[in-house]
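So for the sequence shown, this note's numbering puts the first residue at 981; every next one is plus one.
Here's the structure we're looking at; comments come further down.
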Amino acid sequence: MNAKLIKLIFATFISSILSVFSSFFLARLLSVEERGEFQLFLSLINYITIIASGGLGFSIALSIKNKHYLNWEKYLAYSIIFSIVIALITNLIVYSNFYIILVINVIFLIISNYTLELSKIDHNLKLYQYLNIQQPLLSSLIYFVVYYLYGEQSIKLIVNIYTAIMFLQIAFCIYFLAKMDKRLKAESVIPLDKQFVRKNWFKQNLLQVFGATSANLDKFIIASFLGNYVLGLYAIGVIFEALITRFTNMLSDYYYSGLINKLNRLKIIVILIALASFATIFIIPFIADKLVTIAFGKKYLDIAPLLVFFFINSILSSMSWILTQKMLILGKQILVITRQLVSMIIFVIGFFLFRHLEIYGVVYALLLASISRLLISIFYHYKFKLVDE
């Protein structure tokens, strides 16, 4: 394993740990209901950003590789203007108490994502690693200090702190973009190919918007029909779920690498997943109350009885994603998207069937969606074979 890859893995690990700590302190800073409201705020920012600019950085980066560079600012300006329009429409549909700050953060995130995409041009990925660590590091430190000194705070203050953290990151991004602009203009004076940029931006945008819809649909539905309190509890469950997901994502990469090199690693992965499942089912119920209390505080204890189901859901989703790796190698992304679409529909149906059960109903709908996704993945796994199988 080369040094660059080790540094990248280490940076990703540190970023993940910092993100978890940031979530711990954030939950303690806010009431359950305000934690839900803040989650909706973040989901709106991410979703609007993806609609307005998803794929732009990817398309510009491809153009730079082809020595086309001039007039990149125009496309970034287009996406920012478009995002303001979308934010206005969104505010009419899903009223936000923080409309102006929402727009500011959308603009900040567009610039941040754009910079992150362009940072991948550097084969050392130094800036990419720095940007991935910077925000969770600042968030963890600032949230910790505020909680330690002042205890629980209002959502208004936390939103302002979040905006200030984003501003610090954007200041660095703009500095990098200015330096890159100066360097690239010295190397290339060829304008961007409009057709090339638009075509790649559109294709990548469709893919990213679908992914963002899949990732945020549950939050939007919960906030709309069950309120911010339930969303606040749900957000905590998802954080615990992500702890397992980080481990199983590594297993999916391991399986993918094996498929590429004609190695069948599925058996050992299934054994590891089975062990994780056993530990989850028989240990988590006995320590759930303590886990929630230590990490987030007693005010989130309502989610403790459901913690085991969030872990099970993570295992189901992870196994589904692992089995999907073969489909990606075979180039059958459309079938993967179809599978995701089916599970989204099942989640929505399940949500409305069990809505009267509130957070329990949400979890049941989530499990139904994950089970359907796993069953389809198993069908795909046996239906489609690699050439050497």
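All residues carry an ideal CB built from backbone N, CA and C; glycine is no exception.
Counting along the chain, F1078 sits inside no alpha helix (DSSP H), nor does DSSP assign it H or E at all.
Within the segment 1013–1070, the complete beta strand (DSSP E) runs of at least 3 residues fall at 1048–1050. Remark: C-beta atoms of I1263 and S1003 do not approach each other more closely than 7 Å. Per DSSP, the continuous alpha helix (DSSP H) segment holding E1167 begins and ends at I1135 to E1167. Residue pairing by DSSP puts I1170 in a beta bridge opposite H1048. Taking C-beta atoms as the reference points, Y1127 and L1009 count as a pair closer than 7 Å. Listed in chain order, the alpha helix (DSSP H) elements of length 4 or more contained wholly in the segment 1091–1137 are 1106–1130. Rounded to the nearest whole angstrom, the CA to CA distance from S1092 to V1328 is 32 Å. Sequence-distant partners of L1117 (beyond 5 residues in either direction) whose C-beta falls short of 7 Å from its own C-beta, in its chain, are L998.
Bounds of any alpha helix (DSSP H) do not take in R1335, whose DSSP letter is neither H nor E.
Annotated as distal: S1350 and V1177, with beta-carbon spacing of 7 Å or more. Residue burial is scored here from C-beta neighbours: A1284 has at least 16 other C-beta atoms within 10 angstroms and is therefore classed as buried. Judged by DSSP in its simplified three-state form, F1176 adopts helix.
In the DSSP assignment, D1269 falls within the alpha helix (DSSP H) that extends over L1246 to F1276. When the five nearest sequence neighbours on each side are left out, no beta carbon in the same chain lies closer than 6 Å to the beta carbon of K1247.
In this structure, I1040 lies near W1052, with their beta-carbon atoms less than 7 Å apart. Less than 7 Å divides the Cβ of F1005 from the Cβ of Y1123. Counting the other Cβ atoms within 10 Å of the Cβ of E1014 gives 16 or more, which makes it buried. Collapsing the DSSP output to three states places G1191 in a helix.
For the pair of segments examined, the segment 1177–1192 was found not to touch the segment 1322–1340: the number of CB pairs separated by less than 8 Å stays below three.
In the three-state reduction of the DSSP assignment, K1363 falls in the helix class, which pools H, G and I. Contact between the segment 1294–1313 and the segment 1359–1366 is present: three or more C-beta pairs spanning the two stretches fall below 8 Å. Residue state for L1206 is assigned as coil, using DSSP reduced to three classes. The beta carbon of G1207 is closer than 8 Å to those of E1013 and G1016 in its chain, skipping five residues each way along the sequence. Looking from the CA of V1210, the closest CA among A1151, F1156, A991 and L1020 belongs to L1020.
The Cβ atoms of G1037 and Y1094 lie closer than 7 Å to each other. Per DSSP, K1306 is one residue of the alpha helix (DSSP H) stretching across L1287 to I1309.
When the beta-carbon positions are compared, L1296 and L1231 stay at least 7 Å from each other. The C-alpha of N1229 is placed about 14 Å away from the C-alpha of G1238. For I1028, the CB contacts under 7 Å within the same chain, skipping 5 residues up- and downstream, are S1063, I1066, A1067, T1070 and V1086 in chain order. The criterion of a C-beta distance shorter than 7 Å is not satisfied by S1099 and S1059.
Inter-residue distance for I1090 and L1056 is about 8 Å (C-alpha atoms, whole angstroms). Contact holds between the segment 1336–1347 and the segment 1272–1289, because three or more Cβ pairs, one in each stretch, are under 8 Å apart.
In terms of CA proximity to L1346, K1199 leads the group K1159, K1199 and I1061.
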